[in-house]
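Residue numbers (full-length UniProt numbering): 1 to 248.
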C-alpha cells in the first residue's frame, strides 16, 4: 500500500469514526429525549389524577358531612308538623320517601367518589364492600379473592381501587356478564391484579385509535405506578385484565 492509498484509507477510517460518533450522539439524544418526554408524561398524568382524587375526596366529604345531615334535618322538621288532614299526611309520606331516596343517592355518590373504608380499613375491605354493593344493585356476581394482610401506600391503594372500579363499571356497561372474578396477590416483588368476566367479549384489535376513556384511564393509572397492563378478550369468550405493579 503506497502513501496515497494509506492516506485515503486513513481518511475513510476517520470519516467513518466521525459519522459513527455523530450517529451515536443523535441516537443517544433521541433516547434521552424520549425518556424525558415519558417522565414528563407520567408526571402530568400523576398531577391530573392527584388533583382529581383530591377533588373527589372534597366533594365526597361535603356530601357526607353537609348535604346528608341537611336532608335528614329537613325530614325531621317536616315530620314534626301535626297534620289532621289525611291528604296532607299522604303528601308528607310521599315527601319522606323522596327525601329517603335523595339521602340514599347522596350516600351512593359519596361512596363512589371516595369510600370511607378505603382510607379507614384498606384496599381489600373497600373492594369487598364495593363488590357487595354492586351485587345488591345489579345482576352481576363479583367474586373477590385477595390477601387480607396486603398493605399498600395510600396513593397506590387509591389507584388500584379506581382500576377495579373501572373494570367493574366497564363489565356492567359493555360485557353483559353474569360473573366477574377479581384476584389480587403478590408475586415476588410485584403486585398482580387479575380480572375475568364471562361476558360477550370483543376484539381488541378492532379498537385501534378508538380506545375508550375507560381503557385509557386503566392504562394511565397503571403507567403512573410503573406497572404493565395486559388485555385479553375474544368475542363470545369474555374479557380478562392483568395488571402487574412493582411493589418497590
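Glycine residues also receive a C-beta, built at the ideal position from the N, C-alpha and C atoms.
Quiz item: If residue 28 and residue 68 are in contact, beta carbons under 8 Å, what's the gap, nearest whole angstrom?
Solution: That pair is no contact at about 58 Å.
Self-check item: Check whether residue 131 and residue 142 have beta carbons under 8 Å apart
Solution: yes
Self-check item: Assumed close pair residue 177, residue 238 - CB separation to whole angstroms, cut-off 8 Å
Solution: 7 Å
Quiz item: Buried or exposed: residue 168, going by 16 or more other Cβ atoms within 10 Å of its Cβ?
Solution: buried
Self-check item: Reduced DSSP category for residue 179 - H, G, I as helix; E, B as strand; rest coil
Solution: DSSP places residue 179 in strand when its eight states are reduced to three.
Quiz item: Taking the continuous beta strand (DSSP E) assigned at residue 244, which residues delimit it?
Solution: Element bounds for residue 244: 239-246.
Quiz item: Would you say residue 147 and residue 185 are within 8 Å of each other, going by their C-beta atoms?
Solution: yes
Quiz item: Around the C-beta of residue 20, are 16 or more other C-beta atoms found within 10 angstroms, so that it is buried, or is it exposed?
Solution: exposed
Quiz item: When we look at the beta-carbon of residue 162 and count the other beta-carbons within 10 Å, is it buried (16 or more) or exposed?
Solution: buried
Quiz item: Among all the DSSP beta bridges, which residues are the ones paired with residue 230?
Solution: 242
Self-check item: At least three beta-carbon pairs within less than 8 Å, the segment 185-199 to the segment 85-104
Solution: no
Quiz item: Relative to the ligand NAP, is the shortest distance from any of its heavy atoms to the C-beta of residue 100 smaller than 7 Å?
Solution: Only the bare structure without any ligand can be found here, which leaves the ligand NAP out of the picture.
Exercise. For residue 185, name the three-state secondary structure that DSSP assigns.
Key: The answer is strand: DSSP assigns residue 185 an E or B state.
Exercise. Identify whether residue 197 lies in helix, strand or coil by the three-state DSSP scheme.
Key: strand
Quiz item: By DSSP, does residue 190 sit in helix, in strand, or in coil?
Solution: strand
Quiz item: Comparing alpha-carbon positions, which option in 217, 192, 233 lies nearest residue 206?
Solution: Closest in alpha carbon position to residue 206, among 217, 192, 233, is 233.
Practice problem: Compare the Cα-Cα distances from residue 122 to each of 149, 113, 109 and report the closest residue. | Solution: 149
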